[in-house]
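Peer 1: Let me begin by handing over the structure; questions about it come next.
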Amino acid sequence: MKHNRQSKYYKTEGIVLKGMPLGDRDRLISLYTQDYGRVRLVARGIRKISSKLSGHLDTFNRVVVSISSRSSIDSISGGEVVETFKELKTDLKITARAFYIVELIDDFVADGSVNEELYSLLLTTLRELDLLARSISVGSQRVTMEEDVELLMRFFELNLLIDSGYAPELSMCVVCNQPLSTEGNGYSVEMGGLVGQTCYLQTKAVQPISVAAIKCLRFLSGAKIRVAQKLRINPVLMSEIQMILQKFTMNINERKISARQLIDSINTISEGKQ
Amino acid sequence: MTSRYSEFFHTTGALGRLVEALNKLPGVGPKTAQRLAYYLIRTDDADARGLALAIIDIRDRITYCSICQNITEADPCRFCTDENRDSSRICVVEEPLDVIAMERTGSYKGTYHVLHGVLSPLDNIGPENLQINELVTRLKENTVTEIILATNPSVEGETTAMYIRDLCGSMVSSITRLARGLPVGGDLEYADDVTLIRAMEGRQEF
């Protein structure tokens, strides 16, 4: 039930995006909630070793918190963790992916802007990452798992765009509004979607896109997460989709995602080991 | 030049500059800055000048140890030059204040390496912003038998520890992590799942 945020105390559920040190003992928590969007809350005394709340308010945790809004900035008066995603936090590559999706969410949402679909997308993706980390820890094939993780990232990026209102047009040409050709189409980040063969040849700043990539994007945009994960795509196609979706997301948040650089750095370490 | 603080507090000149400078300190808001500035006007001349000289001294004298990256007045620092310390063991910490906390225990006789932060993509802090390359150089140039990863038990601290483990694993025979679990004075009833699981995993013969 949604509580009245104007009242002195209210309770809500959310996912911890990040925490920043505040003063000697406090931490400023950025919490993405289902009911109030992103909120910033002070967790008092949380940096003391004896704090009862510190373990509950770790990054990525899904928590239920009681909030007091008696001062200029709301503070957490109590809380309990609901999901810790503990497997996710034990695998470096998966943790870096979790940072990636949380960083994207942090960039795409504004304080206080409610978006239940986006909250649900974040929660489901964290759950899937946790499951994948568990599969890796029990000895499933690492290569297959990494393909699954990458596919999950593409699913997240595309649905983040859709749920935030920046859905790329994937069925019609964004220039002439006519159906696409069977091949020879392109895409334009600035125009927000695919460009048909005729307009592609006449329009500047349009990049080519393969037929397989169009089919793949359409499938990922309409499928449920579990169905989407059954898709098997080759590394070349994965790279193409990754590049396209990153261009679309970068067009909105207008900066490189730091976690992407961390993922690349981790990949370089593992390649060096092989 | 008139700053926005000078206009806000109706303070100009030296007092305005002091209020503005104090306001830049972490945890000090405009009101506290004003209160501190007025305190410094009323306090002993020796105390106020002592504070000013201490600030100048840390700017002039404090540097970073070229080996462990800790803050020091002499390079290399006293921990790196102490022959009674075991230089084959390196305790990796986030901040210089963590070195002080470890030293307070008096139980560790190895050396340190200060990262000056943790991996935190949301704050734009990546591996290149930390003193990780310096640690790698140190491992290549010296005989190190153990790295003790003493970053905080937060997601960011764990990620940093895992990153260093993967990067340096082949350069050193042993990489250990500080034990995680219930703190002294803690309450089992209020502990979160992860803390309890780790406390259970790390249990010892009693």
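Read top to bottom, the protein sequences are chains A and B.
When you line the first sequence up against our numbering, it's residues 13 to 286, in that order.
When you line the second sequence up against our numbering, it's residues 52 to 257, in that order.
Glycine included, C-beta positions come from ideal geometry on N, C-alpha and C.
1) By the three-class DSSP mapping on this structure, what secondary structure does A:G124 have?
2) Using the rule of at least 16 other Cβ atoms within 10 Å of the residue's Cβ for burial, across every protein chain shown, is A:C188 buried or exposed?
3) Residues in its own chain within less than 7 Å of B:P178 by CB, not counting five upstream and five downstream?
4) Are the segment 248 to 259 of chain A and the segment 145 to 156 of chain B in contact at 8 Å, needing three or more beta carbon pairs?
5) Given this structure, state the Cα-to-Cα distance separating A:Q258 from A:K216, to the nearest angstrom.
6) Report the option in A:I269, A:R230 and A:G35 whose CA atom is closest to the CA atom of A:L192.
7) So with CB distances below 8 Å, who are the chain A contacts of B:G177?
8) How should A:I113 be labelled, buried or exposed, when 16 other C-beta atoms within 10 angstroms of its C-beta is the threshold for buried?
9) Give me whichever residues DSSP pairs with A:K30 in a beta bridge.
10) When burial is assigned at 16 or more other CB atoms within 10 Å of the CB, is A:N197 buried or exposed?
11) For B:H167 versus B:L186, is the C-beta spacing smaller than 9 Å?
12) Between which two residues does the beta strand (DSSP E) carrying A:S84 extend?
13) Kindly indicate which three-state DSSP category B:Q255 falls into: helix, strand or coil?
14) What does the Cβ neighbour count give for B:S205, buried or exposed, with the cut at 16 atoms within 10 Å?
15) In three-state DSSP terms, what is A:E95?
16) Three-state secondary structure (DSSP) at B:K160?
17) Straight-line CA distance for B:D243 to A:K64?
18) Could you check whether the Cβ of B:V248 sits closer than 9 Å to any Cβ belonging to chain A?
19) Taking 6 Å as the limit between beta carbons, can you name the residues of its chain near A:L130, skipping five residues before and five after?
20) Measure the beta-carbon distance from A:Q241 to A:L163 and round it to whole angstroms, keeping in mind my assumption that it falls under 8 Å.
21) Let me know the secondary structure DSSP gives B:T53 once reduced to three states.
22) Is the shortest distance between the beta-carbon of B:A84 and the beta-carbons of chain A less than 9 Å?
23) Mind checking the segment 203 to 237 of chain B against chain A and listing, in chain order, the residues whose C-beta falls within less than 9 Å of any C-beta there?
24) Is it buried or exposed for A:G31, if we count other Cβ within 10 angstroms and need 16 for buried?
25) Apart from the five residues on each side of it in sequence, which residues of its chain come closer than 8 Å, Cβ to Cβ, to A:Y212?
26) Could you confirm whether any beta carbon from chain B is found closer than 9 Å to the beta carbon of A:E283?
27) With a cut-off of 9 Å, does the C-beta of B:Y241 fall near any C-beta of chain A?
28) Take every Cβ of the segment 71 to 82 of chain A, pair it with every Cβ of the segment 116 to 128 of chain A, and state whether three or more of those distances are shorter than 8 Å.
29) Which one of B:R216, B:A72, B:D174 and B:V195 has the shortest CA to CA distance from B:T202?
30) Using a C-beta cutoff of 9 Å, does A:L29 count as contacting chain B?
31) Find the residues of chain A that neighbour B:D244, judging by a C-beta separation of less than 8 Å, and give them in chain order.
32) With 9 Å set as the bound, which would you pick, yes or no: does the beta-carbon of A:S62 sit closer than that to a beta-carbon of chain B?
33) Let me see if you follow: with CB-CB separation under 9 Å, is A:Y112 close to chain B or not?
34) Taking contact to mean at least 3 C-beta pairs separated by less than 8 Å, is the segment 51 to 66 of chain A in contact with the segment 83 to 98 of chain A?
35) Taking 9 Å as the threshold (beta carbon to beta carbon), is B:P172 in contact with chain A?
36) Give every residue of the same chain whose Cβ lies closer than 6 Å to the Cβ of B:T53, excluding the five residues on either side of it in the sequence, and list them in chain order.
Peer 2: In this structure, then:
1) coil
2) So A:C188 counts as exposed.
3) L170 and Y214
4) no
5) 20 Å
6) A:R230
7) S270, Q273, L274 and S277
8) buried
9) A:S42
10) buried
11) no
12) Note, A:S84: premise wrong, no beta strand (DSSP E); not H, not E.
13) coil
14) Taking all protein chains in view, the Cβ of B:S205 is crowded by 16 or more other Cβ atoms within 10 Å, so the residue is classified as buried.
15) strand
16) coil
17) 8 Å
18) The sequence given here has Ile at residue 248 of chain B, not Val. Yes, B:I248 counts as interfacial toward chain A.
19) D175
20) Right, the Cβ-Cβ distance comes to about 6 Å (below 8 Å), so this counts as a contact.
21) Low confidence applies here, because B:T53 scores a pLDDT of 49, under 50, leaving its location unreliable; read the following figure in that light. In the structure shown, B:T53 sits in coil (DSSP, three-state: anything other than H, G, I, E or B).
22) no
23) P204, S205, V206, E207, E209, T210, M213, Y214, R216, D217, L218, G220, S221, P234, V235, G236 and G237
24) buried
25) G196, N197, G198, V218 and P220
26) no
27) yes
28) Output reads no: the segment 116 to 128 of chain A does not touch the segment 71 to 82 of chain A.
29) Distance check between B:T202 and each of B:R216, B:A72, B:D174 and B:V195 places B:R216 closest, using alpha-carbon atoms only.
30) Judged by the 9 Å Cβ criterion, A:L29 is in contact with chain B.
31) V93, T96 and K98
32) yes
33) yes
34) With the rule of 3 Cβ pairs closer than 8 Å, the segment 51 to 66 of chain A counts as touching the segment 83 to 98 of chain A.
35) yes
36) Its pLDDT being 49, under 50, B:T53 is placed unreliably by the model, and the measurement read from it follows with that caveat. So no residue of the chain qualifies.
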